[in-house]
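When we follow the numbering used here, the leftmost residue of the sequence shown carries the number 14, and every step to the right adds one. Virtual Cβ for every residue (Gly too), placed ideally from N, Cα, C.
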Amino acid sequence: RHVSLLRVGERPDRQPVRADAVPLHALLPLLPPALRGVQGHLSDRLSSREAGHEPHGPDDLAGAAIGAVGAGTMGAGIAQVALEAGHEVVLYDVDEEAPARGVERVRVGLGRRAAKLELDADSIDEWVDGRLAPLRTAVTLDAVASAADVAIEAALEDLDLKRTIFGALDREAPSEALLA
């Protein structure tokens, strides 16, 4: 598997940098010192991409199913952003009640977003329901691994837990799936 590491930083003029607005090679110097060793690997991948040999490009995620492992604040936020971008989303959490709470967080977040679009009440409900339609929950981690083209881990900050999650995802996900 290839893992792309991307850290969004700031430009020298202190303007925020959007990850989708800057080529990856421009962000390599922003890697923290602990990750400097992967810089050569990422540079090799970029050279390969420029030569037309890279299987994953920015357009390859269009229509990708996104799996969020963890349905707390972070997982629900990931789900919301993915839904707003038009992706199908699978939300999972080891706590059986957490996905329902996560879906509600997403619903509330989408409602706030819709309100900023200055829609009337009926249109807000329609907009939110339309964004929520491709959201589903999973009862097992294997279900996320098999359904998602991109699986994003958003579990508690416990290294052993994260290793367990990535181990399970790696075993069950198709080889072309991206794990983050």
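| Secondary structure at glycine 124, three-state DSSP: helix, strand or coil? | helix
| Rounded C-beta distance between serine 159 and glutamate 189? I'm assuming under 8 Å. | Not a contact, Cβ separation roughly 13 Å.
| query | If alanine 78 sits next to glutamate 109, beta carbons under 8 Å apart, how far is it from one beta carbon to the other, in whole angstroms? | reply | Actually they are not in contact, since the Cβ atoms of alanine 78 and glutamate 109 sit about 22 Å apart, beyond 8 Å.
| Do valine 119 and leucine 96 come within 8 Å of each other at the CB atom, strictly closer than that value? | yes
| Should valine 103 be labelled buried (16 or more other beta-carbon atoms within 10 Å of its own) or exposed? | buried
| query | What does a CB cutoff of less than 8 Å around tryptophan 140 pick up in its chain, not counting 5 residues either side in sequence? | reply | Leu123, Ala127, Leu130, Leu132
| request: Use the C-beta contact count for leucine 172: other C-beta atoms within 10 angstroms, 16 or more gives buried, fewer gives exposed. | output: exposed
| Where DSSP assigns a beta bridge to arginine 149, which residues make up the other side? | Val103
| Identify the residues that DSSP records as bridge partners of valine 82: which are they? | Tyr105, Glu166
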